[in-house]
């Protein structure tokens, strides 16, 4: 499956919203920071994702990031090369 | 490395998974990265190297996954974590760049590195 950048962001947002019910979600395309480096060969995109969700309560950062990766599913195997993640609960943001 | 880690090798095979287990349990600080600590080929990988250096870690066992395609895919299975770099301390998966940075900023990483960090 080949996505345009816009379609990929839309698909990622939809998956994150469906499984994490975030109260806030921002997805920025970071790909231009990484264009051309050897590790980015293959064309996967980089995104910076900030998520505020109650689903993270009581979880370690590793566990939170795993939740995000599980939600993103097969997008992590090809279309997306890497995510820079910030995962907070509403209480932590307050 | 005597184990074949080429692109044709199944990353989920016992040969690769056992190799990864031996690497992470056989060295206190292990980093699977793109490039080398001297010449990182990815900003995220380079950042983790800088963080480890800032923690005073002198001895990083690093694996350049660009040269070992089966390990590149194998560690994603091993840690159930889809991205590189991956940092392991004392045999335990710690996380990628964001987590290493966060743990460095709040002092957890220095604590975890304990005897492996000097200064």
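Chains as they are written, first to last, in this note's numbering: chain C, 1 to 94; chain S, 1001 to 1119. Yeah, the Cβ is synthetic: ideal placement off N, Cα and C, and Gly gets one too.
Neighbour-count burial assignment, residue i, 16 or more Cβ in a 10 Å radius
i: residue 39(C); result: Note that residue 39(C) scores a pLDDT of 49, beneath 50, so its modelled location is shaky and nothing firm can be said.
i: residue 1072(S); result: buried
i: residue 1116(S); result: buried
i: residue 81(C); result: buried
i: residue 79(C); result: buried
i: residue 1023(S); result: buried
i: residue 1004(S); result: exposed
i: residue 1085(S); result: buried
i: residue 2(C); result: exposed
i: residue 60(C); result: exposed
i: residue 94(C); result: exposed
i: residue 1058(S); result: exposed
Contact list for residue i against chain C, beta-carbon separation under 8 Å
i: residue 1051(S); result: Those do not exist, as residue 1051(S) stays about 15 Å from chain C at its closest Cβ, beyond 8 Å.
Chain S contact residues for residue i, given Cβ-Cβ distances below 7 Å
i: residue 3(C); result: Chain S residues near residue 3(C): none, gap ~17 Å exceeds 7 Å.
Where residue i meets chain C, residues with beta-carbon distance less than 7 Å
i: residue 1102(S); result: 61
i: residue 1044(S); result: 82
Contact list for residue i against chain S, beta-carbon separation under 8 Å
i: residue 88(C); result: Under the 8 Å cutoff, chain S gives no residues; its nearest Cβ is about 11 Å from residue 88(C).
Proximal chain S residues relative to residue i, where beta-carbon distance stays under 9 Å
i: residue 85(C); result: 1096, 1098 and 1099
i: residue 77(C); result: 1076 and 1082
For residue i: DSSP bridge partner residues
i: residue 1029(S); result: 1089(S)
i: residue 1095(S); result: 1087(S)
i: residue 1002(S); result: Note: residue 1002(S) sits in no beta bridge, so no partner.
i: residue 85(C); result: 49(C)
Residues, ordered as in the chain, of the segment 1001-1029 of chain S that lie near chain C by beta-carbon distance below 9 Å = none
Entirely within the segment 1036-1061 of chain S and at least 4 residues each: give me those alpha helix (DSSP H) ranges in chain order.
-> 1043-1054
Quick one: complete alpha helix (DSSP H) runs, 4+ long, within the segment 3-77 of chain C?
-> 5-20 and 61-72
Output, in sequence order along the chain, the residues in the segment 1061-1095 of chain S whose CB is closer than 8 Å to any CB in chain C.
-> 1066, 1080, 1081, 1082, 1083, 1084, 1093, 1094 and 1095
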